[in-house]
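In full-length UniProt numbering, the protein residues as written are 1 to 405.
No residue lacks a Cβ here, since even glycine has one placed at the ideal position from N, Cα and C.
These numbers come from a predicted model, not from an experiment.
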């Protein structure tokens, strides 16, 4: 409506409120326009309705509204944690109250409750800065500070629904709507909860989801495949640390079962020669011979350290005898400090002779085959001798029976 004349009876002030459909109606008589945001309604009034006095100077005064923090008395009840995206806007004639500054804050209110806290329960105030431009021409979502728990919750939803990039297809748009539905249902709101179809809440949500996806792509949690984006199996936060491997295994082995105890008792019951033969067989038939070599090198190093310690103890009296008597009288000067000798680095183990190892294995296999042939031959001889004895016994018994007859 574009009137050519001034409104004969302009109201002293405007009161903006939402109707049953969740939109703001124009308060001017005869105008049936409705807008989702109060800024759009304000722009409509300033452009479509003409008054003798500019409403911007007579009734509009920016005020900041805040939500008081309180704890209700009586039985404790949970206090909601919210985002107030569209605050109530009221104007008054005498008090010159007008449309409030467009902004929203998350107020943290402590409450005694057994319910699981929402992702925004430990967050800092989330505010939308004031901007005089229209909501269609501003990028106000970039200046909002999101708390870390809320970002983590949104990231969990993105991974759960598998939305890797900006929603472009019908399936990806369905995933984005499912994420928004879970976000809207599981996040608590304070005194005012915007409707599910609120445009500013939807724009704020899409902008933050896009920022999280870009951050995940930079961190390597999302990588570019040949034809599509894919999640990495292990993100950088879950990658194992590069711990250096020890040069020697632990010198104290762990005995997990009684079977190992029986083997240990059998080892202690053997004599020195039997233990040497068993150790030789272990080196040649071990599944990990390098570990046994490491153990032996560790034992040799400990034995050398003990020998050096004993030699230093034996040489100590002779060294003290060579000290002059003038120094021996003083208790501090008479002490002789001998620096500890660092053991030489272990020599690299010599590579095993593959040819000799193969020859030894061949000799062992030939010996086994020879012993098997000897045992088979002895069994055949025993069977043949037994058969001969049986035949001789049968012939003797037959001869005795015929002689009697």
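Compare the C-alpha of residue i against each of the options and name the closest.
i           : options            : result
residue 39  : 152, 279, 24, 30   : 24
residue 158 : 200, 222, 34       : 222
residue 364 : 274, 281, 215      : 281
residue 160 : 300, 182, 169, 170 : 182
Residue i by DSSP, collapsed to three states: which one?
i           : result
residue 310 : helix
residue 72  : Its pLDDT being 40, under 50, residue 72 is placed unreliably by the model, and nothing is read from it.
residue 16  : coil
residue 49  : coil
residue 150 : helix
residue 272 : helix
residue 166 : coil
residue 197 : coil
residue 287 : coil
residue 385 : helix
residue 187 : coil
residue 303 : helix
residue 366 : helix
residue 29  : coil
Sorted by chain position, which residues of the same chain lie with C-beta nearer than 6 Å to residue i's C-beta, five sequence neighbours on each side aside?
i           : result
residue 180 : 205
residue 32  : none
residue 396 : none
residue 216 : 222
residue 28  : 49
Taking 7 Å as the limit between beta carbons, can you name the residues of its chain near residue i, skipping five residues before and five after?
i           : result
residue 289 : 283
residue 266 : none
residue 184 : 196
residue 19  : 25
residue 300 : none
Quickly, what does DSSP pair residue i with across the bridge? List them, please.
i          : result
residue 24 : 18, 35
Determine the contact status of residue i and residue j, defining contact as a CB-CB distance below 8 Å.
i           : j           : result
residue 22  : residue 195 : yes
residue 17  : residue 41  : no
residue 212 : residue 177 : no
residue 49  : residue 35  : no
residue 166 : residue 219 : no
residue 278 : residue 270 : yes
Just to confirm my understanding: we take residue i, look at its own chain, exclude 5 residues before and 5 after, and list those with CB closer than 8 Å. What are they?
i           : result
residue 286 : 292
residue 175 : 161, 162, 163, 167
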